[in-house]
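Counting the sequence shown from 1 gives a position; the numbering used here is that position plus 18. The structure appears right after this line, and notes come after that.
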Amino acid sequence: MSAGLVLACSLPGCASNPGPASTPAQPEAAAQCHAEAVQARVGQMAAPDQLEALRQQASASVLRVIKPGDAVTMDYNITRLNLEVDETGVIKRVSCG
Numbered sequence: 019m020s021a022g023l024v025l026a027c028s029l030p031g032c033a034s035n036p037g038p039a040s041t042p043a044q045p046e047a048a049a050q051c052h053a054e055a056v057q058a059r060v061g062q063m064a065a066p067d068q069l070e071a072l073r074q075q076a077s078a079s080v081l082r083v084i085k086p087g088d089a090v091t092m093d094y095n096i097t098r099l100n101l102e103v104d105e106t107g108v109i110k111r112v113s114c115g
């Protein structure tokens, strides 16, 4: 009977609890995007030479410019600044995600 017990406890369900399951590290609060910091830019051109400054002002680690008709992923990225622009490049909406 002890051989059966040894065999049964070699299964993953009998393993000692290693603690909480490992999860991907969450971004630090400082790395989060803050769209409100660039909200005043709505209505202005999204000039290519100013995009990096906008990303930094929003404390975002990633910037995505979304043009009309662009296909975009629906994944939510807490560190990404989204700039939705019209066909002329004027910023219509800023958001994080």
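Built from N, CA and C at the ideal position, the CB exists for glycine as well. Owing to the predicted nature of the structure, the values given are computational and were not obtained by experimental measurement.
Simplified DSSP assignment, three categories, for residue i
| i | result |
| --- | --- |
| V90 | coil |
| E105 | coil |
Start-to-end residues for the alpha helix (DSSP H) that takes in residue i
| i | result |
| --- | --- |
| R59 | Taken as a continuous stretch (DSSP letters only), R59 belongs to no alpha helix (DSSP H), as it is neither H nor E. |
| E70 | 69-75 |
Contact with chain B by residue i, beta-carbon distance below 8 Å
| i | result |
| --- | --- |
| I96 | The question asks about chain B, but that chain is absent: this structure has only one protein chain. |
Proximity of residue i and residue j at Cβ, strictly below 8 Å
| i | j | result |
| --- | --- | --- |
| T97 | A78 | yes |
| Q57 | V112 | yes |
| A53 | A89 | no |
Whole-angstrom C-beta distance between residue j and residue i, which should lie under 8 Å
| i | j | result |
| --- | --- | --- |
| I84 | L99 | Going by Cβ atoms, the distance from I84 to L99 rounds to 11 Å, so no, they are not a contact pair. |
| G115 | M63 | Contact doesn't hold; Cβ gap of about 23 Å is too wide. |
Segment limits, beta strand (DSSP E) that includes residue i
| i | result |
| --- | --- |
| I96 | Taken as a continuous stretch (DSSP letters only), I96 belongs to no beta strand (DSSP E), as it is neither H nor E. |
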